[in-house]
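Asks: Chains as they are written, first to last, in my numbering: chain A, 1 to 27; chain B, 1 to 156.
We put the CB at the ideal spot given by N, CA and C, even for glycine.
One structure coming up, written as structure tokens, with questions to follow.
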Amino acid sequence: MGSVGTSVASAEQDELSHRLAKLRDQM
Amino acid sequence: MALPPQLKSIQHHLRTAQEHEKRDPVVAYYCRLYAMQTGMKLDSKSPECRKFLVKLMDQLETMKKELSDNESVTQEVVGNAHIENYALKMFLYADNEDRSGRFHKNMIKSFYTASLLLDVLCVFGELSEENVQHRKYARWKATYIHNCLKNGETPL
Chain A
1 MGSVGTSVAS
11 AEQDELSHRL
21 AKLRDQM
Chain B
1 MALPPQLKSI
11 QHHLRTAQEH
21 EKRDPVVAYY
31 CRLYAMQTGM
41 KLDSKSPECR
51 KFLVKLMDQL
61 ETMKKELSDN
71 ESVTQEVVGN
81 AHIENYALKM
91 FLYADNEDRS
101 GRFHKNMIKS
111 FYTASLLLDV
121 LCVFGELSEE
131 NVQHRKYARW
141 KATYIHNCLK
151 NGETPL
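Okay, structure coming up:
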């Protein structure tokens, strides 16, 4: 269960990093 | 949305963003971008921080669309100049009031806002030594004059 929780957190974090990179890319 | 305690250090940058929403949306945008980048470094794992940061990201993406015809947002070098000029304008206003012996809440806020905007400049890369010194001086002056006025003393 712990590792599932960690994977979800990590995927959501990656999603945020991806969105941030996209936001900055267009600058 | 309430700011999770882990992200407390970005609260003043977010407040500055809110205060500039109408007055200067470019300043508001970069304050939020700085808060986003810093917030992700502070805590992007706990559910409450993730929720907060996702909302902040939504807000940033909306602002970016609204400002899509503004060069200060579409070109990093123009944005850098915009924020730096704005920060220095605030700094110079406060410094002029200080040197003229006019001590008041507005000049304290200008010193403090200048220091926050110099933080925001970090989104464009490492701060110049001059800006590091300006930031340090502005933050110190804001605290010093605030304490003097609170204690009924005249700042030197």
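Excluding the 5 residues preceding and the 5 following E21(B) in the sequence, name in chain order all residues of the same chain whose CB lies nearer than 6 Å to its CB.
Replies: Position 21 of the second sequence, counting from 1, holds the residue named residue 21(B). Excluding residues within five positions, the ones whose Cβ falls inside 6 Å are A28.
Asks: Would you verify that the beta carbon of M1(A) is, or is not, closer than 8 Å to some beta carbon of chain B?
Replies: Numbered from 1 along the first sequence, position 1 holds the residue referred to as residue 1(A). Here the model assigns M1(A) a pLDDT of 44, short of 50, so the residue's position is not dependable, and the following value carries that caveat. It does not; no Cβ of chain B falls within 8 Å.
Asks: I need the straight-line Cα distance from M90(B) to K64(B), nearest angstrom please.
Replies: Residue mapping note: residue 90(B) aligns to position 90 of the second sequence, counting from 1. Residue mapping note: residue 64(B) aligns to position 64 of the second sequence, counting from 1. Cα-Cα distance, rounded: 25 Å.
Asks: Against chain A, with Cβ distances strictly below 8 Å, would V27(B) count as a contact?
Replies: By one-based count along the second sequence, residue 27(B) stands at place 27. No, V27(B) does not count as interfacial toward chain A.
Asks: For the region 35 to 48 of chain B against the region 92 to 100 of chain B, do three or more pairs of beta-carbon atoms, one drawn from each stretch, fall closer than 8 Å, so that the two count as touching?
Replies: Judged by Cβ distances under 8 Å, the region 35 to 48 of chain B makes no contact with the region 92 to 100 of chain B, as fewer than three pairs qualify.
Asks: Give the residues of chain A in contact with M40(B), contact being defined as C-beta atoms less than 9 Å apart.
Replies: Taking the second sequence and counting its residues from 1, the one referred to as residue 40(B) is at position 40. Chain A residues near M40(B): Q13, L16, S17 and L20.
Asks: Run through chain A and tell me which residues come within less than 7 Å of L53(B), C-beta to C-beta.
Replies: Walking along the second sequence from the start, residue 53(B) turns up at place 53. Residues of chain A passing the Cβ test: L16.
Asks: Applying a beta-carbon distance threshold of less than 8 Å, which residues of chain A neighbour E61(B)?
Replies: Position 61 of the second sequence, counted from the first residue, corresponds to residue 61(B). Correct list: R19 and L23.
Asks: Our contact map puts M1(B) next to K55(B) with C-beta atoms below 8 Å; I'd like the distance itself, whole angstroms only.
Replies: Walking along the second sequence from the start, residue 1(B) turns up at place 1. Walking along the second sequence from the start, residue 55(B) turns up at place 55. Yes, they are in contact, since the Cβ atoms of M1(B) and K55(B) sit about 6 Å apart, within 8 Å.
Asks: Buried or exposed for A21(A), please, with buried defined as at least 16 other CB atoms from any protein chain shown within 10 angstroms of its CB.
Replies: Taking the first residue of the first sequence as 1, we reach residue 21(A) at position 21. Per the 10 Å Cβ criterion, exposed.
Asks: For chain A, find out if any of its Cβ atoms is closer than 8 Å to the Cβ of M36(B); answer yes or no.
Replies: Residue numbering aside, residue 36(B) sits at position 36 when the second sequence is read from its first letter. So, interface residue.
Asks: If you check the beta carbons only, do S68(B) and T62(B) fall under 8 Å apart?
Replies: Here the question's residue 68(B) lines up with position 68 in the second sequence. Here the question's residue 62(B) lines up with position 62 in the second sequence. Not in contact: S68(B) and T62(B) (Cβ atoms no closer than 8 Å).
Asks: Please determine, among E126(B), L60(B), V132(B) and N70(B), the residue with the shortest C-alpha to C-alpha distance to L88(B).
Replies: On the second sequence, residue 88(B) is found 88 positions in, with the first residue counted as 1. Ranking the options by Cα distance to L88(B), first place goes to V132(B).
Asks: Shortest alpha-carbon distance to I163(B) belongs to which of D24(B), P25(B), D43(B) and R23(B)?
Replies: Because chain B in this structure spans residues 1 to 156, residue 163(B) falls outside the shown range and cannot be described.
Asks: For V120(B), does the count of other Cβ atoms within 10 angstroms reach 16, so buried, or fall short, so exposed?
Replies: Sequence index remark: in the second sequence, residue 120(B) carries index 120 (1-based). Buried: at least 16 other Cβ atoms inside 10 Å.
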